[in-house]
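First residue of the sequence shown: 0, per numbering that gives the first Met the number 0; consecutive thereafter. Everything on this sheet refers to the single structure shown next.
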Amino acid sequence: MNITSARLCTTALAASAGLVLVLTGCSSESSPAPAAHPTTATSATAAADSSGLSVDGKKVAANFTTTCADQGGLLALALTDTANASYGNLAVAATVSGGNSVQAVSIAGSRGGSSGLPYAVGFGKGLPGGSASVTKSGKTFHVTGEGVGTPDPTNPTAPAHSSKFDITFVCPTVIGG
Numbered sequence: 000m001n002i003t004s005a006r007l008c009t010t011a012l013a014a015s016a017g018l019v020l021v022l023t024g025c026s027s028e029s030s031p032a033p034a035a036h037p038t039t040a041t042s043a044t045a046a047a048d049s050s051g052l053s054v055d056g057k058k059v060a061a062n063f064t065t066t067c068a069d070q071g072g073l074l075a076l077a078l079t080d081t082a083n084a085s086y087g088n089l090a091v092a093a094t095v096s097g098g099n100s101v102q103a104v105s106i107a108g109s110r111g112g113s114s115g116l117p118y119a120v121g122f123g124k125g126l127p128g129g130s131a132s133v134t135k136s137g138k139t140f141h142v143t144g145e146g147v148g149t150p151d152p153t154n155p156t157a158p159a160h161s162s163k164f165d166i167t168f169v170c171p172t173v174i175g176g
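Laid out in structure tokens, this is it:
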């Protein structure tokens, strides 16, 4: 992976992480009462442990809060665990357009990466080094694929590590959906 590709991957990862922060802010339990329309909800938080994440075939132990929002056909899915034992503040996000096209995936932890760095794996559609697909069953979204990790700053010419991911987002409600 060259420097330009690494920067593009980092940009996609940062954008996805920003999305997680926005969605986390939207999932407050103190939101106003729902509108009269029965399918509109202001909070989209799933029960703990119904959503999940595996990286390279290993289940990540986490107590996730799930947030799902639909804005004009762009579905934003997020899992957060702000006190994860291995990764610190762990955030997982995916954006899906048109119901079946994964645009971006981000898995980021405030710790747990190599060389003492934060943990990060990302996929951005159209960028080199990964792939992702989504299947839907009701309000459960299953995103699988491969993303690129953070380049090693101690060896910047080495290729970035790639990781396979398997993410399940269980959305009891979808904000705006």
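We put the beta carbon where it would ideally sit given N, CA and C, even for glycine.
Annotation: ASP165 to GLY176 spans about 24 Å, alpha carbon to alpha carbon.
In the structure shown, the three-state DSSP call for SER132 is strand. Counted as a single uninterrupted DSSP element, the beta strand (DSSP E) harbouring VAL120 occupies residues 117-123.
Looking from the CA of THR172, the closest CA among LYS58, ALA77, ALA157 belongs to ALA77. Here SER96 carries a strand assignment [DSSP, helix/strand/coil]. Within the same chain, and ignoring the five residues on either side of THR139 in sequence, the residues whose Cβ sits closer than 6 Å to its Cβ are VAL169.
Distance from VAL101 to ALA131 at the Cβ level is roughly 4 Å; contact confirmed, criterion being Cβ atoms closer than 8 Å.
Less than 8 Å divides the Cβ of THR81 from the Cβ of ASN88. Contact between GLY146 and ILE106 is confirmed by a C-beta separation of about 7 Å, below the 8 Å threshold.
For THR66, the uninterrupted beta strand (DSSP E) run begins and ends at 64-70, by DSSP. Under the DSSP assignment, ALA75 falls in the beta strand (DSSP E) whose first and last residues are 73-83. Per the coordinates, the alpha-carbon of VAL59 lies some 15 Å from the alpha-carbon of SER109.
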